[in-house]
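In the numbering used here, the protein residues as written are 2 to 808.
For each residue, glycine too, the CB sits at the ideal point set by N, CA and C.
What you are looking at is a predicted structure, and each value in this text was computed from that prediction instead of being measured.
Have a look at the structure below before the remarks.
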Ligand code: BGC
């Protein structure tokens with residue numbers, strides 16, 4: 002193949018434009034005459050999902066078997082960059098072995114609210130932890146010659162109306178909370194691609210947001226790869242090219258290509274912008290097509306998945322050292338999740354696992370005496386007195402009850418935010434009934450996020466296993482029996498109740514905008530600053546041994562501390578570094594923020610000197626006025642500890658920098674949520690209108706607004722979709738296609754049609770939806786046939802270009 006610039010120079014305008022959207026659901030376009038192959042893109046973040054048969058993008062149709070690793074929310078609890086890199090490399094090998102060039106992950110959006118439907122796919126509420134782990138995945142994936150695609154860039158925090166919701170966020174919060182993780186991944190791991198998100202950010206769709214894609218991503222951070230749109234997330238194809246969006250996926254046929262050609266011919270899009278995007282795409286293709294396919298050792302990957310799940314399981318409570326279970330203890334194993342594990346979430350990340358052992362199988366092979374297994378409750382939440390009675394009777398016959406509770410499938414899905422943090426009532430009722438007859442109850446939770454724990458007093462031990470991937474059940478057995486330590490520490494706060502979360506009153510937003518009024522006070526930044534008590538703090542987790550911290554020294558290079566294993570077993574601890582201003586600050590900031598961590602493994606009685614280095618991010622804040630990262634002059638408290646609520650040692654250090662006038666009001670309580678005036682001040686301008694306009698529906702209105710459409714036909718279409726949604730939810734499995742449509746805008750009709758529908762057709766459908774039935778119908782028919790003709794003639798021109806030029 003020629004070098005990239007010669008190759009690009011030799012392409013026709015139509016060929017260039019055509020390269021910037023997909024050929025089908027999963028592949029880029031090939032241009033054979035110049036030797037440019039098509040490449041496969043596939044999800045995803047915790048396992049390869051390559052669909053070879055009939056393709057949809059939401060994991061509904063089957064995919065090639067692959068290892069299902071623990072989801073990101075789980076691995077985040079390991080706080081182990083090396084482990085994340087190992088998983089990344091395994092993902093890269095499986096992708097390569099299946100001929101996938103671009104893997105669509107990891108997902109690193111910040112968990113603004115624990116209700117976020119895709120929380121299970123994301124790492125943390127903290128950008129430092131999210132960014133470092135994501136960077137490790139990227140290094141691993143790309144070490145196998147496969148492109149990683151960190152996603153979703155950016156500020157994509159809710160599923161409700163995810164393709165039309167406008168995240169309104171002030172610049173400082175944007176930089177410090179929502180972009181820092183992406184900055185880390187770009188600067189430290191050089192991803193070859195990145196996926197823009199569905200939503201708008203401050204009024205502009207992410208895939209055509211020049212501030213995000215050009216000013217910040219490319220100019221400031223030096224990103225040199227391709228920006229891939231989320232599936233159906235492209236809006237204005239021409240604006241995307243100008244703003245830095247490289248590849249629109251999946252395939253809008255040649256519709257976008259024609260728009261790009263027309264814009265170049267009309268002089269409204271520069272050839273330089275077009276060539277820049279085409280160069281990025283060609284470079285991506287080249288980077289992922291240089292190596293032969295790898296061979297993946299699926300047995301080794303299953304073993305890695307098992308180790309990772311145990312390293313990430315968080316032991317939250319362990320009264321009387323109930324865990325690890327005594328050898329040959331008699332155990333009653335109860336819970337629907339014991340015989341059918343919950344190990345991943347629903348949506349585009351769904352992996353067709355190579356095998357999924359159950360907890361019942363895994364414990365049967367362990368040195369405990371299982372006296373019986375009972376289901377205890379129905380997964381769909383409906384009461385079942387007989388199941389409960391059987392389980393309680395079993396519980397009375399054993400020394401210890403292992404009770405596998407968790408969230409049902411429907412609770413954690415792409416396209417659907419959670420509505421509660423409570424465990425299903427029937428499960429709590431069962432726990433209470435069991436506690437009436439058993440004094441030792443180990444609750445094992447399977448959920449991709451946090452739950453409220455008002456029932457905590459009834460659990461002697463509580464292990465949050467998150468969603469452990471295909472070997473998750475074996476890992477739980479390993480931890481329960483003490484074959485391995487529970488290595489996890491919470492990567493998100495477990496609040497006492499939903500009402501305590503900083504976004505409780507406004508998440509998810511059904512309005513046109515989602516207002517980020519909490520500013521930087523996300524997760525522990527809110528609880529610590531406002532003094533809100535929590536159930537389990539960020540960073541918390543127990544092991545089977547104990548550690549002490551001593552001899553803190555802080556110098557210019559960082560904090561150094563001695564950690565000693567004071568218990569009787571070998572084990573690992575996660576040493577965490579938090580930094581905050583001591584006195585009043587000139588900027589609105591959380592009292593402390595995570596700035597470093599290290600996982601240390603120690604034999605009993607052994608000590609290690611652990612260094613947590615300072616870096617460019619340790620003391621900085623983003624100064625909106627100058628558009629630069631600055632350090633505020635003054636004193637900082639540097640603390641080291643086992644979690645954010647357990648800071649064992651602290652020192653105060655002075656830093657030079659800009660002198661700011663302290664703010665007059667210290668931040669406390671409700672002040673972490675801005676009122677109208679404060680929010681407008683944060684935004685530096687008026688708060689954008691949040692209501693949907695009352696006028697006719699447009700191509701970027703969500704389709705669920707057909708509920709109030711002028712046309713009876715459209716209202717009926719809404720009811721049909723909504724009924725299907727309800728029916729699926731009652732049955733316990735989300736209907737992802739229906740959710741996609743209801744949350745999505747009308748423009749997806751053309752964006753997802755593979756060329757069957759054009760933008761003009763979408764406009765015609767809207768005429769109909771807006772009540773002009775006869776005219777609308779006529780327009781639909783005309784637009785459909787015009788679209789077919791246009792597709793045919795573009796295809797012909799594309800093929801002819803290929804033939805002429807190769808001749
Ligand atoms: C999801 C992405 C995913 C893509 C392709 C979208 O709906 O938001 O995370 O990579 O589909 O499956």
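Here residue 248 is bridged, per DSSP, to 229.
9 Å or more divides the Cβ of residue 21 from the Cβ of residue 37. In this structure, residue 6 sits away from residue 502, with a CB-CB distance that is not shorter than 9 Å. In this structure, residue 208 has its beta carbon at no less than 8 Å from each heavy atom of ligand 1.
Listed in chain order, the non-local C-beta contacts of residue 283 below 8 Å within the same chain comprise 5, 8, 9, 20 and 37, local neighbours out to five positions each way being set aside. Judged by pairs of C-beta atoms under 8 Å, the stretch 325-337 does not touch the stretch 179-192, as fewer than three such pairs exist.
Distances between the C-beta of residue 741 and the heavy atoms of ligand 1 include at least one below 8 Å. A contact is defined here as three or more CB-CB pairs under 8 Å, and the stretch 283-303 meets this definition with respect to the stretch 38-48.
Short note on residue 232: C-beta closer than 8 Å to some heavy atom of ligand 1.
Runs of the beta strand (DSSP E) lying entirely within the stretch 319-347 and spanning at least 3 residues, in chain order: 331-335. Under the three-state reduction of DSSP, residue 145 is assigned to coil, being neither helix nor strand. Per DSSP, reduced to three states, the secondary structure at residue 717 is helical.
Around the beta-carbon of residue 43, 16 or more other beta-carbon atoms lie within 10 Å, marking it buried.
Taking 8 Å as the cut-off, the C-beta of residue 752 does not count as close to any heavy atom of ligand 1. Straight-line spacing of the CA atoms in residue 77 and residue 265 works out to 45 Å. One Cα belongs to residue 91, the other to residue 150, and the distance between them is close to 16 Å. Looking at the backbone, the Cα of residue 739 and that of residue 760 are separated by about 21 Å. Assigned with DSSP and collapsed to three states, residue 752 falls in helix. By the criterion of a C-beta distance shorter than 7 Å, residue 599 is surrounded in its chain by 576, 611 and 613, once the five residues flanking it on both sides are discounted. Secondary structure at residue 637: strand, using DSSP grouped into helix, strand and coil.
Counting every other CB atom within 10 Å of its CB across the protein chains shown gives residue 359 a total of 16 or more, marking it as buried.
For residue 191, the three-state secondary structure derived from DSSP is coil.
Under DSSP, the beta-bridge partners assigned to residue 43 are 104. A direct Cα-Cα distance of roughly 11 Å separates residue 799 from residue 34. Collapsing the DSSP output to three states places residue 223 in coil. In the pairwise beta carbon analysis, the stretch 649-657 is classified as touching the stretch 546-561: at least three pairs are separated by under 8 Å.
Within the DSSP secondary-structure output, residue 594 pairs in a beta bridge with 580. Taking a cut-off of 8 Å on C-beta distances, the stretch 471-481 touches the stretch 360-368, as three or more cross pairs fall below it. Assignment of residue 488 by DSSP, reduced to helix, strand and coil, places it in the coil class. Between the stretch 440-456 and the stretch 141-157 there are fewer than three C-beta pairs closer than 8 Å, too few to call the two in contact. If you draw a straight line from the Cα of residue 89 to the Cα of residue 139, it is about 6 Å long. A straight line joining the alpha-carbon of residue 511 with that of residue 163 spans about 10 Å. Counting C-beta pairs with one atom in each stretch, the stretch 168-180 and the stretch 246-256 have fewer than three that are closer than 8 Å, which means they do not touch. Counting only the Cα atoms, residue 242 lies some 37 Å from residue 597. Our two residues, residue 397 and residue 435, have alpha carbons roughly 8 Å apart in a direct line. Relative to the Cα of residue 133, the nearest Cα in the group 100, 155, 82 and 119 belongs to 82.
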